[in-house]
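Colleague: Numbering (this note's numbering), first residue to last: 1450 to 1898.
Glycine included, each C-beta is placed from N, C-alpha and C at the ideal position.
Values in this document were obtained by computation on a predicted structure and should not be read as measured data.
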């Protein structure tokens, strides 16, 4: 027979058990910061929506790749003799077709003609078959025709010598018109075309190559000059939606023998990189806590205890994979990193993420594996109770295209790797995207005592 006392203790034990269960359930967070249906405790990308199970957005899919090969008369010398051009272009077509996405090939000048066979046959045809040359067309018209046919997810590649010129009739009427109007009308035509591309959220990458040239070269006055084996530049443009182009460019860069001599990218700066994560298990020194409770912070540090000769160090991981290939290189990042400290002094070092480090916390491991670079911050002096540290990497276009440009190509055999009015072509594109003063990376850290 149970006594009243034993019944009391039984009820008490039951209440404690129920309370413990309630507390246990309460400890399990049901927070979903980005509202994607994946709880934060399982979401590897809490800041952006993504599908289950990981909660990270999937990279944009690459659709059809269309390769447009300019076949104007000025291109003839690239298709004959032992010109390296043929090998570079055919290899590019085959490798993209087999390693990235299916390729359709087109010839373009005053109109577009479809090549009816696969990329593997094109490799043979370009080496053994005479490519039919057509009447020339103005570059801005060609770019516009290509852009209008570039659908969402698709990639358009344009191979050309990129010589800016007026139509033949205009040059006959005024032999100096190409020189006189290159920085004005010709550049503005390019600007108008690319401002339309920008409006369609299309971006562009430009890759520079060179090849021996065997044939007739047309100078800025349309005077024919026969050359045999002189090295001439040519260019590969890639046009796609600004969220698709970085994915394609990254895959292109991984093709072993895709080796452009120069490159430049336009229209990839819709969103600067401003997110980072401080990891307590990665190079933490000193006495402080992370802003926002937990072992990962994206705001900074607080409760910093400053003592003489004591180092304050923390490491943050950041994902720079969406940047153009050249901007992810350590040489670019270290050369252009701007450090602005208010109320403190700091040394900052950026490095590429190592393949593996010893981390125990699952959340920290997830952030580390998704990052591309590690930023190490050493606070050498803290003067204010609330200090800030801003790290910026500005967009700075390389000026190589200026050295590849000339306004007088009469003596083409001695020009080297120079293209008539190329500087004005690139300037027209730059002005369209108007990225002056923008930052690729903009990270803000709060340092509070």
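Does DSSP classify residue 1876 as helix, strand or coil?
Modeller: The residue labelled residue 1876 in the question sits at position 427 within the chain shown. Residue 1876: helix per DSSP, three-state reduction.
Colleague: Would the C-beta of residue 1803 count as close to the ligand PLP, meaning under 7 Å from any of its heavy atoms?
Modeller: Only the bare structure without any ligand can be found here, which leaves the ligand PLP out of the picture.
Colleague: Go ahead and pull the three-state DSSP assignment for residue 1675.
Modeller: Taking the first residue of the chain shown as position 1, residue 1675 is located at position 226. Three-state DSSP puts residue 1675 in a strand.
Colleague: Quick check: the Cα distance between residue 1585 and residue 1614, rounded to an integer number of angstroms?
Modeller: Start at 1 with the first residue of the chain shown, and residue 1585 comes out as number 136. Start at 1 with the first residue of the chain shown, and residue 1614 comes out as number 165. Straight-line Cα distance between these residues: approximately 10 Å.
Colleague: What alpha helix (DSSP H) runs, 4 residues minimum, are completely inside the segment 1610-1663?
Modeller: List check, alpha helix (DSSP H) in window: 1617-1622, 1626-1630 and 1636-1648.
Colleague: For the 8 Å Cβ check, are there 3 or more pairs between the segment 1795-1806 and the segment 1844-1863?
Modeller: Verdict: no, contact absent.
Colleague: At the level of alpha carbons, what is the spacing between residue 1763 and residue 1488?
Modeller: Here residue 1763 refers to the residue found at position 314 when the chain shown is read from its first residue. Here residue 1488 refers to the residue found at position 39 when the chain shown is read from its first residue. The alpha-carbon atoms of residue 1763 and residue 1488 are separated by roughly 27 Å.
Colleague: How big is the Cα-Cα spacing for residue 1598 and residue 1750?
Modeller: Residue numbering aside, residue 1598 sits at position 149 when the chain shown is read from its first letter. Residue numbering aside, residue 1750 sits at position 301 when the chain shown is read from its first letter. In a straight line, the C-alpha of residue 1598 is about 50 Å away from that of residue 1750.
Colleague: Can you find the residues in the same chain that come closer than 7 Å, C-beta to C-beta, to residue 1571, ignoring five residues on each side of it along the sequence?
Modeller: Looking up residue 1571 in the chain shown gives position 122. Around residue 1571: 1539, 1542, 1554 and 1564.
Colleague: What beta strand (DSSP E) runs, 3 residues minimum, are completely inside the segment 1475-1541?
Modeller: 1514-1519
Colleague: Tell me the rounded alpha-carbon separation between residue 1509 and residue 1634.
Modeller: As a first step, residue 1509 must be located in the chain shown, where it is residue number 60. As a first step, residue 1634 must be located in the chain shown, where it is residue number 185. Distance between the alpha carbons of residue 1509 and residue 1634: 37 Å.
Colleague: Applying the criterion that 16 or more other CB atoms from any shown protein chain within 10 Å of the CB defines a buried residue, is residue 1617 buried or exposed?
Modeller: As a working mapping, residue 1617 is identified with position 168 in the chain shown. Its Cβ having fewer than 16 others within 10 Å, residue 1617 is exposed.
Colleague: Which one of 1548, 1580, 1569 and 1638 has the shortest CA to CA distance from residue 1592?
Modeller: Residue numbering aside, residue 1592 sits at position 143 when the chain shown is read from its first letter. Selected option, being the one with the closest Cα: 1638.
Colleague: Residues bridged to residue 1765 by DSSP?
Modeller: Within the chain shown, numbered from 1, the residue matching residue 1765 stands at position 316. Per DSSP, 1727 and 1824.
Colleague: For the segment 1761-1778 against the segment 1855-1872, do three or more pairs of beta-carbon atoms, one drawn from each stretch, fall closer than 8 Å, so that the two count as touching?
Modeller: no
Colleague: Going by the DSSP bridge assignment, what does residue 1738 pair with across the sheet?
Modeller: Working through the chain shown from its first residue, we reach residue 1738 at position 289. Residue pairing from DSSP places residue 1738 in a beta bridge opposite 1751.
Colleague: Output yes or no for whether 8 Å exceeds the beta carbon distance between residue 1660 and residue 1533.
Modeller: Working through the chain shown from its first residue, we reach residue 1660 at position 211. Working through the chain shown from its first residue, we reach residue 1533 at position 84. It is a contact, given that the beta carbons lie within the stated cut-off.
Colleague: Which whole runs of the beta strand (DSSP E) in the segment 1780-1825 are 3 residues long or more, in chain order?
Modeller: 1787-1791 and 1793-1801
Colleague: Within a Cβ cutoff of 8 Å, which residues of the same chain sit near residue 1481, ignoring the five residues on either side of it in sequence?
Modeller: On the chain shown, residue 1481 is found 32 positions in, with the first residue counted as 1. So the qualifying residues of the chain are 1487, 1488, 1489 and 1492.
Colleague: For residue 1748, I'd like the list of residues in its chain whose CB is within less than 7 Å of its CB, leaving aside the five on either flank, ordered along the chain.
Modeller: Position 299 of the chain shown holds residue 1748. Correct list, in chain order: 1740, 1741 and 1895.
Colleague: With a threshold of 16 other CB atoms inside 10 Å of the CB of residue 1629, please say whether the residue is buried or exposed.
Modeller: Residue mapping note: residue 1629 aligns to position 180 of the chain shown, counting from 1. Exposed, since its Cβ has fewer than 16 Cβ neighbours within 10 Å.
Colleague: I need the straight-line Cα distance from residue 1484 to residue 1505, nearest angstrom please.
Modeller: Reading the chain shown from its first residue, position 35 is the one you call residue 1484. Reading the chain shown from its first residue, position 56 is the one you call residue 1505. Rounded to the nearest angstrom, the two C-alpha atoms are 12 Å apart.
Colleague: According to DSSP, is residue 1583 part of a helix, a strand, or is it coil?
Modeller: The residue you call residue 1583 lines up with position 134 of the chain shown. If DSSP states are grouped into helix, strand and coil, residue 1583 belongs with the strands.
Colleague: Determine the direct distance from the alpha carbon of residue 1687 to that of residue 1721, and round the result to whole angstroms.
Modeller: Locating residue 1721 in the chain shown gives position 272, counting from the first residue. Locating residue 1687 in the chain shown gives position 238, counting from the first residue. Computed Cα separation, rounded: 22 Å.
Colleague: Going by DSSP, which residues form a beta bridge with residue 1868?
Modeller: One-based indexing of the chain shown puts residue 1868 at position 419. According to DSSP, which records beta bridges pairwise, residue 1868 is partnered with 1854.
Colleague: My understanding is that residue 1761 touches residue 1734, with C-beta atoms under 8 Å, so please give their C-beta distance in whole angstroms.
Modeller: One-based indexing of the chain shown puts residue 1761 at position 312. One-based indexing of the chain shown puts residue 1734 at position 285. Contact holds; Cβ gap of about 7 Å.
Colleague: If you compare alpha carbons, which of 1756, 1753, 1755 and 1729 is closest to residue 1746?
Modeller: The sequence position of residue 1746 within the chain shown is 297, counting from 1. Nearest option by C-alpha distance: 1729.
Colleague: In terms of DSSP beta bridges, what is residue 1552 paired with?
Modeller: For the purposes of this step, residue 1552 is identified with residue 103 of the chain shown, where counting begins at 1. Its beta-bridge partners are 1514.
Colleague: Within a Cβ cutoff of 7 Å, which residues of the same chain sit near residue 1677, ignoring the five residues on either side of it in sequence?
Modeller: Counted from its first residue, the chain shown places residue 1677 at position 228. Correct list, in chain order: 1663.
Colleague: Using CA atoms only, rank isn't needed, just tell me which of 1536, 1596 and 1551 is closest to residue 1903.
Modeller: Since the first residue of the chain shown is 1450 and the last is 1898, residue 1903 is not available in this structure.
Colleague: Could you compute how far the alpha carbon of residue 1669 sits from the alpha carbon of residue 1583?
Modeller: The residue labelled residue 1669 in the question sits at position 220 within the chain shown. The residue labelled residue 1583 in the question sits at position 134 within the chain shown. In a straight line, the C-alpha of residue 1669 is about 18 Å away from that of residue 1583.
Colleague: Helix, strand or coil for residue 1563? Go by DSSP, reduced to three states.
Modeller: By one-based count along the chain shown, residue 1563 stands at place 114. Correct three-state label for residue 1563: strand.
Colleague: On the criterion of 16 or more Cβ atoms from any shown chain inside 10 Å, does residue 1845 qualify as buried, or is it exposed?
Modeller: Residue 1845 sits at position 396 when you count from the first residue of the chain shown. Answer is exposed; the Cβ neighbour count stays below 16.
Colleague: Kindly identify the DSSP beta-bridge partner or partners of residue 1894.
Modeller: Residue 1894 sits at position 445 when you count from the first residue of the chain shown. DSSP, once it has assigned bridges, lists 1838 as partnering residue 1894.
Colleague: Using the Cα positions of residue 1713 and residue 1847, report the straight-line distance between them to the nearest angstrom.
Modeller: For the purposes of this step, residue 1713 is taken as residue 264 along the chain shown, with counting starting at 1. For the purposes of this step, residue 1847 is taken as residue 398 along the chain shown, with counting starting at 1. Distance between the alpha carbons of residue 1713 and residue 1847 is about 7 Å.
Colleague: Between which two residues does the alpha helix (DSSP H) harbouring residue 1575 extend?
Modeller: For the purposes of this step, residue 1575 is identified with residue 126 of the chain shown, where counting begins at 1. Where residue 1575 is concerned, the enclosing alpha helix (DSSP H) stretches over 1568-1577.
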